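This report concerns only the one structure given below.
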Amino acid sequence: MTDGPSGAGALTAPRLGLWLVLAVALAASVTGIGNGFTYDDIPIIVDNVSVHDVRWPWEYFGESYWGSVRGNSLYRPLAVIAYSLQWAAGDGSAFPFHLTNILLYVATAAAVYALARELLGDGFGLFAALCWAAHPVHVEAVANVVGQSEMLTAIPMLLAVLLYVRARTAGALDVRATAGITALFVVALLTKEHGIVLPGLLVAAELAFRGRRFATPDGGAGLQRLARMFGLVLLVYFTARYVVLGALAGDAPHPALEALGVLERQWVVLGLIPELVRLMLWPARLYADYSPQAVPLLPSPALGHLPGVLVLALYGAAMAWSWRRSGAAFFALLWFPVAFAPVANVVFASGIMLAERTLFLPSVGAMLALGAGAAAIAPAVHALPTRGVRLGLAGALTALLIAATAQSAARQRIWEDNATLFASMVVDAPTNYRAHHALGELFGAAASWERAEQHLRIADSLFPGYDLVELSLARVLHFDDRCPDALPVYEQVLAKRPDAEVAAVGRAACLLEMRRYSSARDGSVLGLASEFNAGVFHTLLAKAESALVANDTIDARNRWHRAGRPASQSDARLKVPVLMMRPQGAGGRRRTPESLPVPPPPRRSPDGAVP
1084 MTDGPSGAGA LTAPRLGLWL VLAVALAASV TGIGNGFTYD DIPIIVDNVS
1134 VHDVRWPWEY FGESYWGSVR GNSLYRPLAV IAYSLQWAAG DGSAFPFHLT
1184 NILLYVATAA AVYALARELL GDGFGLFAAL CWAAHPVHVE AVANVVGQSE
1234 MLTAIPMLLA VLLYVRARTA GALDVRATAG ITALFVVALL TKEHGIVLPG
1284 LLVAAELAFR GRRFATPDGG AGLQRLARMF GLVLLVYFTA RYVVLGALAG
1334 DAPHPALEAL GVLERQWVVL GLIPELVRLM LWPARLYADY SPQAVPLLPS
1384 PALGHLPGVL VLALYGAAMA WSWRRSGAAF FALLWFPVAF APVANVVFAS
1434 GIMLAERTLF LPSVGAMLAL GAGAAAIAPA VHALPTRGVR LGLAGALTAL
1484 LIAATAQSAA RQRIWEDNAT LFASMVVDAP TNYRAHHALG ELFGAAASWE
1534 RAEQHLRIAD SLFPGYDLVE LSLARVLHFD DRCPDALPVY EQVLAKRPDA
1584 EVAAVGRAAC LLEMRRYSSA RDGSVLGLAS EFNAGVFHTL LAKAESALVA
1634 NDTIDARNRW HRAGRPASQS DARLKVPVLM MRPQGAGGRR RTPESLPVPP
1684 PPRRSPDGAV P
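First residue of the sequence shown: 1084, per the numbering used here; consecutive thereafter.
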């Protein structure tokens, strides 16, 4: 039930409020309509052939989200179906994707408004929804095409919570409400893994409102029915996920978290809590990526944890206060940790340390809490003796909303293309190793070797020893015709990741160019034994053995000599073009950080071998 006015005004005020929320959401997002494909859009949509054809819907349920080229790690069939329809509608253009994102953002804002009104009433519900619609932290989810999954998951979850609250307010859950909530759960779960938090949000609602809004007790039958349905859905979902992916785990952990234990990750999370608070309450600075050294990495107790401890203490005090006085505030405060749990890195490590797109759903709880806080202090504001002070406060809040909307609208353009985005990343967060890694790869793709090396060496200094940065640097040096410098870097990568196929190719090619033919042959044979790209390593092996014959270095292993093939006696320098395959990770299955661009490969023969 709401605390809004009754009669004809009750029909008018919500409609006006809805139009205002929709207008703010549209103003904050529409400037991204002309953006192209950036960041993870490239491997997930542009390079993913699974997205390029509209097929029977059930065919998508047997494929991973990243496609066969990138390896199995995520399962989001409904998201891939949505991408396929948009790809077909625009014939590969980015326009339908961005138009869909904008419409989905407006629709999500409407769902947030409906839930906020249900919990806080017309006035404070409108305030919370406006804050959410204008919030700049949502830009990444809207401006980046694949952020679409955040909205496609959030909408059914918001509707499910709204349906649950309304059904429980009226009494026990009936069969119709149970079926609707279950169907929405299925949609959310098959769009993005974060849908799994919906049961937790419903439990939070039950804890917050039982004995208050949920005055009529549920005899247990309705809740038990819903629990059984959720259990069945999860059983089928995890079975399908395991059959398709071969595992239940998700994406590879963030490189900074990869070697950390559970306790160490908890210290890291504690150090990031102040950044979470800043992003929710004062997002004046936004980053496309949150990695060392732009954000703290504190895996052991340090003074930098004190702000996080203070925030947790204040959060606990707020929950204790709201438990006694406001069910809506208590629910809002529970919402954030429940919705944030899948990427919190507390129980298991996720692929990010912190990301704005993952705050899309948790921010609903933050803005509901803001609305509940406004409701709590409203009597004191109304009691102010001077009307001018009250008007000034209202004016200040309006100005903040306008400023937030303007910031969101301006930041949408940062995601126009990779050149704009990666350059902005270095400006926004010059101590972020991933920013320099991304820009270095971009310069490498443009054959600007000096600038590429500069940014990759900065990335390596900010996050030493990371194999993908080292691999990128080795490839840039190699393309710049500097094999003596590239070879030791390739060997550093292989020392840590013996299954790094791209590094093995580069190392063998550099050995050939440096006329270390015997070592090049050994590396090529090892590559074949490791079941790497057979066409590439057969070609490298043939070149190495031919060179050995030409230099009268012949032994019984030389198949080129045994076959009686001719060998050139030319003294010309041996230059070996290298097939620079996309570095999915040192092991061949881990993807690059945010799918960075790579230099275009040289010409290849039809079977994939290096000419």
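Backbone N, C-alpha and C fix where the C-beta goes; we use that ideal spot for every residue, glycine too. Bear in mind that the values here come from a model prediction, so they are computed numbers and not experimental data.
Quick one: what's Phe1437 bridged to in DSSP?
Taking the sequence shown and counting its residues from 1, the one referred to as residue 1437 is at position 354. Residue identity check: residue 1437 is Leu in the sequence provided, not Phe. Leu1437 pairs with Tyr1373.
Ordered along the chain, which non-local residues of its own chain (more than five positions away) have a Cβ less than 6 Å from that of Leu1611?
For the purposes of this step, residue 1611 is identified with residue 528 of the sequence shown, where counting begins at 1. Closer than 6 Å at Cβ, skipping near neighbours: Phe1620.
What first and last residue would you give for the alpha helix (DSSP H) that runs through Ile1460?
Here residue 1460 refers to the residue found at position 377 when the sequence shown is read from its first residue. Unbroken alpha helix (DSSP H) run through Ile1460: 1445 to 1465.
Taking Pro1160 as the reference, which of Leu1595, Tyr1320, Gly1454 has the closest Cα?
As a working note, residue 1160 is residue 77 in the sequence shown. Considering only alpha carbons, the answer is Tyr1320.
If you drop the 5 nearest sequence neighbours on each side, which residues of the same chain put their C-beta closer than 6 Å to that of Leu1522?
Within the sequence shown, residue 1522 is the residue found at index 439, counting from 1. Same-chain partners within the cutoff: Phe1505, Val1509, His1538.
Could you check whether Tyr1516 and Ala1542 sit closer than 8 Å to each other, using their CB atoms as the reference points?
For the purposes of this step, residue 1542 is taken as the residue at position 459 of the sequence shown. For the purposes of this step, residue 1516 is taken as the residue at position 433 of the sequence shown. In contact: Ala1542 and Tyr1516 (Cβ atoms closer than 8 Å).
Closest by CA to Glu1289, which one among Val1447, Val1345, Arg1308, Phe1413?
Position 206 of the sequence shown holds residue 1289. Comparing Cα positions, the closest option is Phe1413.
In the DSSP assignment, find the unbroken alpha helix (DSSP H) run with Trp1406 in it and report its ends.
Position 323 of the sequence shown holds residue 1406. From DSSP, the alpha helix (DSSP H) with Trp1406 extends over 1389 to 1408.
Let me know if Phe1431 comes out buried or exposed under the rule of 16 or more other beta-carbons within 10 Å of its beta-carbon.
Locating residue 1431 in the sequence shown gives position 348, counting from the first residue. Burial call: exposed.
Quick one: Cα of His1135 to Cα of Ala1177, how far?
Numbered from 1 along the sequence shown, position 52 holds the residue referred to as residue 1135. Numbered from 1 along the sequence shown, position 94 holds the residue referred to as residue 1177. So the two alpha carbons sit approximately 13 Å from each other.
Could you spell out the range, first to last residue, of the alpha helix (DSSP H) harbouring Ser1607?
Reading the sequence shown from its first residue, position 524 is the one you call residue 1607. Where Ser1607 is concerned, the enclosing alpha helix (DSSP H) stretches over 1600 to 1612.
Just to confirm, is the Cβ distance from Arg1604 to Ala1627 under 8 Å?
Locating residue 1604 in the sequence shown gives position 521, where the first residue counts as 1. Locating residue 1627 in the sequence shown gives position 544, where the first residue counts as 1. A contact, by the Cβ cut-off of 8 Å.
Which one of Ala1583, Phe1546, Phe1526 has the shortest CA to CA distance from Ala1560?
Locating residue 1560 in the sequence shown gives position 477, where the first residue counts as 1. Note on identity: in this sequence residue 1560 is Leu, with Ala being the wrong assignment. With distances taken between Cα atoms, Leu1560 lies closest to Phe1526.
Specify the secondary structure class of Arg1615 as computed by DSSP and reduced to three states.
Reading the sequence shown from its first residue, position 532 is the one you call residue 1615. With the sequence shown as reference, residue 1615 is identified as Phe, and Arg is not the correct amino acid for it. Three-state result, Phe1615: coil.
With a 10 Å radius around its C-beta and 16 neighbouring C-beta atoms as the bar for buried, classify Trp1365 as buried or exposed.
Along the sequence shown, read from residue 1 onward, the residue named residue 1365 stands at position 282. By the 10 Å Cβ count, Trp1365 comes out exposed.
Within the chosen definition, does the segment 1481 to 1491 reach the segment 1464 to 1473 through at least 3 CB pairs nearer than 8 Å?
Contact fails: fewer than three Cβ-Cβ distances are below 8 Å.
Quick one: is Arg1368 buried, meaning 16 or more other Cβ sit within 10 Å of its Cβ, or exposed?
Within the sequence shown, numbered from 1, the residue matching residue 1368 stands at position 285. Exposed.
Tell me which residue opens and which closes the alpha helix (DSSP H) that Ala1194 is part of.
Taking the first residue of the sequence shown as 1, we reach residue 1194 at position 111. Per DSSP, Ala1194 belongs to the alpha helix (DSSP H) from 1178 to 1203.
Determine which residues share a DSSP beta bridge with Arg1293 and list them.
Position 210 of the sequence shown, counted from the first residue, corresponds to residue 1293. According to DSSP, Arg1293 bridges with Phe1297.
Have a look at Met1363 and His1218 and give me their C-alpha separation to the nearest angstrom.
Your numbering for residue 1363 matches position 280 in the sequence shown. Your numbering for residue 1218 matches position 135 in the sequence shown. So the alpha carbons of these two residues sit roughly 8 Å apart.
Measure the C-alpha to C-alpha separation of Ser1167 and Ala1330 and round it to an integer number of angstroms.
Locating residue 1167 in the sequence shown gives position 84, where the first residue counts as 1. Locating residue 1330 in the sequence shown gives position 247, where the first residue counts as 1. Their backbone Cα atoms lie some 25 Å apart in a straight line.
Between Ser1491 and the rest of its own chain, which residues show a CB-CB distance below 6 Å, the 5 nearest in sequence each way excluded?
Position 408 of the sequence shown, counted from the first residue, corresponds to residue 1491. Only Ala1111, Pro1219, Val1222 meet the Cβ criterion.
Excluding the five sequence neighbours on either side, which residues of its own chain have a C-beta within less than 8 Å of the C-beta of Pro1390, listed in chain order?
Here residue 1390 refers to the residue found at position 307 of the sequence shown. Within the same chain, Pro1390 has close Cβ partners Ile1356, Pro1357.
Touching or not, the segment 1278 to 1289 and the segment 1236 to 1250, by the rule of three or more beta carbon pairs under 8 Å?
These segments touch.
Taking Gly1448 as the reference, give the member of Leu1353, Gly1475, Leu1417 with the closest Cα.
By 1-based counting over the sequence shown, the position of residue 1448 is 365. Among Leu1353, Gly1475, Leu1417, the Cα nearest to that of Gly1448 belongs to Leu1417.
On a Cα-Cα basis, can you pick out the residue from His1181, Met1450, Asp1582 that is closest to Leu1203?
For this step, residue 1203 is matched to residue 120 along the sequence shown. Among His1181, Met1450, Asp1582, the Cα nearest to that of Leu1203 belongs to Met1450.
May I ask whether a heavy atom of the ligand MN can be found less than 7 Å away from the beta carbon of Ala1211?
Of the ligands one can find in the structure shown there are none, so the ligand MN has no counterpart to examine.
Based on Cα-Cα distance, which residue from Ala1190, Asn1428, Thr1322, Ala1458 lies nearest to Asp1205?
Taking the sequence shown and counting its residues from 1, the one referred to as residue 1205 is at position 122. For the residues Ala1190, Asn1428, Thr1322, Ala1458, the minimum Cα distance to Asp1205 belongs to Ala1458.
Excluding the 5 residues preceding and the 5 following Val1576 in the sequence, name in chain order all residues of the same chain whose CB lies nearer than 8 Å to its CB.
Here the question's residue 1576 lines up with position 493 in the sequence shown. Answer for Val1576: Asp1550, Glu1553, Leu1554, Ala1557, Ala1583, Ala1586, Ala1669, listed in chain order.
Measure from the alpha carbon of Pro1445 to the alpha carbon of each residue in Pro1425, Ala1463, Ala1461, then state which is nearest.
Here residue 1445 refers to the residue found at position 362 of the sequence shown. Out of Pro1425, Ala1463, Ala1461, Pro1425 has the C-alpha closest to the C-alpha of Pro1445.
Quick one: residues in its chain with C-beta nearer than 7 Å to the C-beta of Ala1695, no 5 flanking neighbours on either side, listed in chain order?
What is shown of the chain runs 1084 to 1694, which leaves residue 1695 out entirely.
Would you report the Cα separation of Tyr1158 and Arg1361, rounded to the nearest angstrom?
As a first step, residue 1158 must be located in the sequence shown, where it is residue number 75. As a first step, residue 1361 must be located in the sequence shown, where it is residue number 278. Taking the straight line from one Cα to the other gives about 32 Å.
If you draw a straight line from the C-alpha of Arg1673 to the C-alpha of Ile1116, how long is it?
By one-based count along the sequence shown, residue 1673 stands at place 590. By one-based count along the sequence shown, residue 1116 stands at place 33. Its pLDDT being 34, under 50, Arg1673 is placed unreliably by the model, and the measurement read from it follows with that caveat. Approximately 32 Å between the Cα atoms of the pair.
Terminal residues of the continuous alpha helix (DSSP H) containing Thr1514?
Numbered from its first residue, the sequence shown carries residue 1514 at position 431. Counting along the chain, Thr1514 falls outside any alpha helix (DSSP H), and DSSP gives it neither H nor E.
Using the beta-carbon count (16 or more within 10 Å), is Glu1276 buried or exposed?
What you label residue 1276 is simply residue 193 of the sequence shown in a count that begins at 1. Its Cβ being crowded by 16 or more others within 10 Å, Glu1276 is buried.
Can you tell me whether Leu1267 is helix, strand or coil according to DSSP?
To locate residue 1267, count along the sequence shown from 1; it is residue 184. Helix, per DSSP.
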